[in-house]
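Undergrad:
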DNA sequence: TCAAAAGTGTTAGGAATACACCCATGG
DNA sequence: CCATGGGTGTATTCCTAACACTTTTGA
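Chains as they are written, first to last, in my numbering: chain L, 88 to 383; chain W, 88 to 383.
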C-alpha cells in the first residue's frame with residue numbers, strides 16, 4: 088500500500104512534479120586550514136634544525152579583499168559533498184591526495200562575504216611536508232606557507248548574578264617571506280543558567296581576508312586539542328621519524344616545551360620502533376620509529 | 088591610496104556592480120536534536136522515579152518521507168546566521184528561548200533530500216523539562232518526545248598492511264506512545280598512513296526521515312562526550328536539584344551505572360550546596376544543590 | 001524496626017610531573 | 001675529551017575506581 092499526501096500524490100508522483108522554490112539560497116564554500124611542519128635550516132655542526140608550524144594562504148587577486156590573504160577553498164558543487172569538495176580543492180592547491188581532513192565548524196554570519204550570501208564549511212588538513220613542493224603557487228596565483236604563532240594574551244572573567252562572561256584574547260601572527268599578518272581574536276564564553284555560548288570575534292586584523300582569522304583560530308585550537316588527546320599529529324610525520332622529531336612537532340603545535348621522558352611514555356603506544364637509525368653527526372644516532380596500527 | 092583590480096575598479100565600485108552568478112546553490116537547513124530528561128512516574132512508597140532521555144521528533148505531513156519522523160528544523164534565512172536560525176526554530180517548536188545550543192556537524196551528502204539540493208547544519212539543544220509543556224504539538228503538526236536508547240552492538244577491526252578499518256555498530260531505538268523507531272548505524276574509521284576518516288552509514292532504518300538517524304547518532308555521541316568532559320549536563324537540570332538526580336541524568340545519558348562516591352567527587356566543583364532539602368518520604372531527605380559559577 | 005536512599009572515608013592502582021642520571025657520537 | 005643530543009629510571013603527586021561504612025527518614 089502506498090502512502091499518498093493531502094493532494095493524493097504518491098511519493099514518486101510528488102518528486103516528479105516537485106519544483107524547487109525560488110527563495111534565496113546561500114553559496115556554500117569549503118575552506119581549509121592546511122597545516123604542515125617544516126624544518127628551519129640551522130645546521131652548524133651539533134645543532135639540529137628546528138620545526139615550524141605553517142599554513143597555506145593565497146593572496147587574493149580580485150575584490151573583495153584585494154591583496155589580502157585568504158584560506159584555500161572553493162564552492163561545493165551539486166554532485167559532491169563537502170568532504171569531497173575539500174579533498175578536491177586540496178588536491179588542486181597542493182597536488183596531494185589522500186590527506187587527513189576533518190570538518191570543523193560552519194561559519195554563517197550575515198555579511199561575512201560582502202558580495203553575496205556565502206557560508207563556509209571549514210576543514211583542517213594535515214600534510215607531511217615531504218609530500219609536496221613548498222612552492223604551491225605554480226600557476227599565476229600567489230600562494231605562500233605562513234609560519235603560525237597563536238598566543239594567549241589575556242583573560243577576563245566577569246561573574247554575573249547567575250552565570251559569567253569569560254573572554255580570552257589571543258594574538259594570531261602569520262609570517263612568510265616579507266609578509267607579516269597579525270590579528271587579535273577574542274573567544275567569549277557566555278554562561279547563563281539555561282544557556283551557554285561561545286563566540287569568536289575579530290578585534291583587529293591586518294592582512295587576512297573575510298572572517299578567516301576566526302577560522303584559523305578555531306582550527307589551531309582544534310589541532311592543539313586533538314594533539315593532546317589523540318594520535319592526530321602523526322599525520323604530520325613522514326613514514327620514519329625519530330622521537331625527538333615527533334616531540335618537536337608536538338611542541339611547535341602546542342607552543343610549549345615538553346619533558347622528554349614523559350613525552351616518550353605518552354606516545355609509546357602510538358609508535359613502533361624499527362631497526363633503523365639516522366646519523367646526525369656529533370651525537371648518538373637516534374632510532375627511527377613508525378606509526379603503530381595495533382593500538383587505539 | 089585605493090587598490091583597484093585588473094578591471095580598474097575599487098572595492099566599492101566592484102561591490103556595486105557585482106551580480107551573483109546563477110550557478111546552482113544549495114538550500115541550508117538548521118536541524119536540531121533537542122534533548123531533555125523526564126521522570127517516569129513510579130512512586131510506590133520508597134521508590135524514586137527514574138529518568139529517561141528524550142528527544143523531540145515531528146511526524147512528516149507531506150512527501151517525501153510522509154508519515155516518518157524527522158528532526159525539528161528549517162531553512163536558514165538570508166538575514167540570520169545558523170545559530171539564530173536554530174534558536175528561532177527551537178522557540179517556534181517548543182516556545183522556549185535562551186537554551187543551550189551547540190553546532191555539531193554539517194551534513195552534505197548528495198541525495199540526502201530527494202527533492203532538491205539541501206544541506207543540514209545540525210545542532211544539539213539541551214532543555215530542562217520543567218521549562219516547557221510536554222505536548223509540543225499544539226498546532227496541527229504531530230510532534231512527540233521519544234525516549235532514546237543508543238547501544239553499542241558490535242565492533243569489527245581489520246588490520247591492513249598499513250592502517251586499519253574499524254567499524255562500530257550501534258542500535259538506535261526511539262520510543263514514544265505507540266511508536267517504536269529502530270535504526271542500525273555504523274561508524275567506520277578508516278586509517279591509512281596519510282589519512283584518516285570517520286564515516287557514518289545507516290544500515291537499517293525503520294521510521295526516521297532523511298539521514299536523521301546519522302544526525303541523532305552523532306548528537307548522542309557528542310552529548311556523551313561532553314557529559315564526561317564538561318558541565319554540560321547541568322543544562323538539563325532545574326535551578327535546584329539533588330545530587331542523586333544529577334547522577335541519574337548522567338547515568339541515563341551515558342547508559343552506564345556510576346559509583347556514588349566517585350560521582351560526587353567528580354561534580355563537587357560544578358555545584359554549590361544550598362540550605363534547602365526535599366522530603367521524599369521514607370528516606371533521609373537529600374540536600375538541594377545549584378550550579379556553581381565560580382569554577383571553570 | 002527496617003528498607004531505601006543520603007552521604008562520607010579509606011585504600012589501591014595508574015597516569016602525569018619533575019628531575020636525575022647514563023649512553024653514544026664525531027670532531 | 002666534550003658538547004650535544006639520545007635514552008632510561010625513580011620518586012612524588014594527583015586522580016579515580018572500588019568498596020565499606022554511617023546517617024536519616026516515615027510507615
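Ideal placement from N, C-alpha and C gives every residue a C-beta, glycine not left out. Model, not experiment: these values are computed from the prediction.
Taking DSSP's pairing of strands, which residues face residue 274(W) in a bridge?
TA: Position 187 of the second chain, counted from the start, is the residue given in the question as residue 274(W). Paired residue(s): 255(W) and 287(W).
Undergrad: Against chain W, does residue 166(L) count as a neighbour if the rule is that its beta carbon must be under 8 Å from one of theirs?
TA: For the purposes of this step, residue 166(L) is taken as the residue at position 79 of the first chain. So yes, residue 166(L) belongs to the interface.
Undergrad: Should the stretch 113 to 132 of chain L be regarded as contacting the stretch 190 to 206 of chain L, the criterion being three or more beta carbon pairs within less than 8 Å?
TA: Output reads yes: the stretch 190 to 206 of chain L touches the stretch 113 to 132 of chain L.
Undergrad: Tell me which residues share the same chain as residue 241(L) and place their Cβ nearer than 6 Å to its Cβ, disregarding the 5 neighbours each side in the sequence.
TA: Stepping through the first chain from its first residue, residue 241(L) is reached at position 154. Once the five neighbours on either side are set aside, the close Cβ partners of residue 241(L) are 256.
Undergrad: Do you know offhand how far residue 187(L)'s Cα is from residue 91(L)'s?
TA: One-based indexing of the first chain puts residue 187(L) at position 100. One-based indexing of the first chain puts residue 91(L) at position 4. Approximately 45 Å between the Cα atoms of the pair.
Undergrad: Under 8 Å, CB to CB, which of the residues in the stretch 109 to 122 of chain L have a partner in chain W?
TA: Per Cβ criterion, the list reads 110, 111, 112, 113, 114 and 115.
Undergrad: Nearest by alpha-carbon distance to residue 277(L): which of 286(L), 271(L) and 269(L) is it?
TA: For the purposes of this step, residue 277(L) is taken as the residue at position 190 of the first chain. Answer by Cα proximity: 286(L).
Undergrad: By a C-beta neighbour count over all protein chains shown, 10 Å radius and 16 as the cutoff for buried, is residue 270(W) buried or exposed?
TA: Translated into positions along the second chain, residue 270(W) becomes position 183. Counting Cβ neighbours within 10 Å, residue 270(W) comes out buried, since at least 16 surround it.
Undergrad: Tell me which residues share the same chain as residue 227(W) and place their Cβ nearer than 7 Å to its Cβ, disregarding the 5 neighbours each side in the sequence.
TA: Locating residue 227(W) in the second chain gives position 140, counting from the first residue. Residue placement at residue 227(W) cannot be trusted, given a pLDDT of 48 that sits under 50; what the coordinates show is reported in the next sentence. Same-chain partners within the cutoff: there are none.
Undergrad: Hey, residue 299(W) and residue 158(W): beta-carbon distance below 8 Å or not?
TA: In the second chain, counting from the first residue as 1, residue 299(W) sits at position 212. In the second chain, counting from the first residue as 1, residue 158(W) sits at position 71. It is a contact, given that the beta carbons lie within the stated cut-off.
Undergrad: Less than 8 Å between the beta carbons of residue 176(W) and residue 160(W), yes or no?
TA: Here residue 176(W) corresponds to residue number 89 of the second chain, with the count starting at 1. Here residue 160(W) corresponds to residue number 73 of the second chain, with the count starting at 1. Yes, they are a contact pair.
Undergrad: Please say whether residue 314(W) and residue 306(W) have beta carbons closer to each other than 8 Å?
TA: For this step, residue 306(W) is matched to residue 219 along the second chain. For this step, residue 314(W) is matched to residue 227 along the second chain. No, the Cβ-Cβ distance between residue 306(W) and residue 314(W) is not below 8 Å.
Undergrad: Does the beta-carbon of residue 361(L) have 16 or more other beta-carbons within 10 angstroms, so that it is buried, or is it exposed?
TA: Reading the first chain from its first residue, position 274 is the one you call residue 361(L). Residue 361(L) should be labelled exposed.
Undergrad: Indicate whether the contact test is met: 3 or more Cβ pairs, each with one atom in the stretch 139 to 155 of chain L and one in the stretch 96 to 106 of chain W, closer than 8 Å.
TA: Taking 8 Å as the limit for Cβ pairs, the verdict is that the stretch 96 to 106 of chain W does touch the stretch 139 to 155 of chain L.
Undergrad: Between the stretch 335 to 347 of chain W and the stretch 134 to 146 of chain W, do at least 3 Cβ pairs fall closer than 8 Å?
TA: With a cut-off of 8 Å, the stretch 134 to 146 of chain W and the stretch 335 to 347 of chain W count as touching, because enough Cβ pairs lie within range.
Undergrad: Rounded to whole angstroms, what's the CA-CA distance from residue 148(L) to residue 217(L)? Just pull it up for me.
TA: Indexing the first chain from 1 puts residue 148(L) at position 61. Indexing the first chain from 1 puts residue 217(L) at position 130. Approximately 28 Å, taken between the alpha carbons.
Undergrad: Can you name the residues of chain L whose CB is closer than 7 Å to the CB of residue 105(W)?
TA: As a working note, residue 105(W) is residue 18 in the second chain. The answer, in chain order, is 202.
Undergrad: Quick check: the Cα distance between residue 312(W) and residue 318(W), rounded to an integer number of angstroms?
TA: Here residue 312(W) corresponds to residue number 225 of the second chain, with the count starting at 1. Here residue 318(W) corresponds to residue number 231 of the second chain, with the count starting at 1. Between residue 312(W) and residue 318(W), the C-alpha separation is close to 11 Å.
Undergrad: Please report the straight-line C-alpha distance between residue 280(L) and residue 365(W), rounded to a whole angstrom.
TA: Position 193 of the first chain, counting from 1, holds the residue named residue 280(L). Position 278 of the second chain, counting from 1, holds the residue named residue 365(W). So the two alpha carbons sit approximately 21 Å from each other.
Undergrad: For residue 363(L), which option in 372(L), 289(L) and 290(L) has the closest C-alpha, if you only look at C-alpha atoms?
TA: If you number the first chain from 1, residue 363(L) lands on position 276. Closest option to residue 363(L), Cα to Cα, is 372(L).
Undergrad: How is the beta strand (DSSP E) around residue 126(W) delimited, first residue to last?
TA: Residue 126(W) sits at position 39 when you count from the first residue of the second chain. Residues 114 to 126.
Undergrad: Within 10 Å of its beta-carbon, does residue 127(L) have 16 or more other beta-carbons around it, so buried, or fewer, so exposed?
TA: Here residue 127(L) refers to the residue found at position 40 of the first chain. So residue 127(L) counts as exposed.
Undergrad: Assuming residue 164(L) and residue 172(L) form a contact by the criterion Cβ under 8 Å, report the distance between their Cβ atoms to the nearest whole angstrom.
TA: Position 77 of the first chain, counted from the first residue, corresponds to residue 164(L). Position 85 of the first chain, counted from the first residue, corresponds to residue 172(L). Their Cβ separation, rounded to whole angstroms, is 7 Å, which keeps residue 164(L) and residue 172(L) in contact under 8 Å.
Undergrad: At a CB-CB cut-off below 8 Å, which residues of chain L make contact with residue 326(W)?
TA: By one-based count along the second chain, residue 326(W) stands at place 239. Residues of chain L passing the Cβ test: 280.
Undergrad: Does DSSP put residue 161(W) in a helix, in a strand, or in coil?
TA: Here residue 161(W) is taken as the residue at index 74 of the second chain, counted from 1. Of the three classes helix, strand and coil, the one that applies to residue 161(W) here is strand, per DSSP.
Undergrad: Compare the beta carbon distance of residue 234(L) and residue 209(L) with 8 Å and say whether it is the shorter of the two.
TA: In the first chain, counting from the first residue as 1, residue 234(L) sits at position 147. In the first chain, counting from the first residue as 1, residue 209(L) sits at position 122. Going by C-beta atoms, residue 234(L) is not nearer than 8 Å to residue 209(L).
Undergrad: Please list the residues of the stretch 276 to 307 of chain L that have a C-beta atom closer than 8 Å to any C-beta atom in chain W, keeping them in chain order.
TA: So the list reads 278, 279, 280, 281, 282, 283 and 284, given in the order they occur along the chain.
Undergrad: Count the other CB atoms, across all protein chains shown, that sit within 10 Å of the CB of residue 118(L); report buried if there are 16 or more and exposed otherwise.
TA: Looking up residue 118(L) in the first chain gives position 31. With 16 or more Cβ atoms within 10 Å of its Cβ, residue 118(L) is classed as buried.
Undergrad: Any idea what DSSP makes of residue 220(W), helix, strand or coil?
TA: Working through the second chain from its first residue, we reach residue 220(W) at position 133. Looking at residue 220(W) - three-state DSSP - the assignment turns out to be coil, as it is neither helix nor strand.
Undergrad: Going by C-alpha distance, which of 379(L), 273(L), 316(L) and 291(L) is nearest residue 324(L)?
TA: The count along the first chain starts at 1 and reaches residue 324(L) at position 237. Residue 379(L) is the option with its Cα nearest to residue 324(L).
Undergrad: Cα-Cα, which of 244(L), 295(L) and 245(L) is closest to residue 260(L)?
TA: As a first step, residue 260(L) is located in the first chain; it is residue number 173 there, counting from the start. It is 295(L).
Undergrad: Inspect the beta-carbon positions of residue 329(W) and residue 375(W) and report whether they are closer than 8 Å.
TA: Here residue 329(W) is taken as the residue at index 242 of the second chain, counted from 1. Here residue 375(W) is taken as the residue at index 288 of the second chain, counted from 1. Going by C-beta atoms, residue 329(W) is nearer than 8 Å to residue 375(W).
Undergrad: For residue 291(L), which residues from the same chain have a beta carbon less than 6 Å from its beta carbon, with the 5 sequence-adjacent residues on both sides left out?
TA: The residue you call residue 291(L) lines up with position 204 of the first chain. So the qualifying residues of the chain are 271.
Undergrad: For the stretch 183 to 213 of chain W, which residues have a beta carbon sitting closer than 8 Å to at least one beta carbon of chain L?
TA: If the cut-off is 8 Å between Cβ atoms, the stretch 183 to 213 of chain W has 185, 186, 187, 188, 190, 192, 193, 195, 196, 197, 201, 202, 203, 204, 206 and 208 near chain L.
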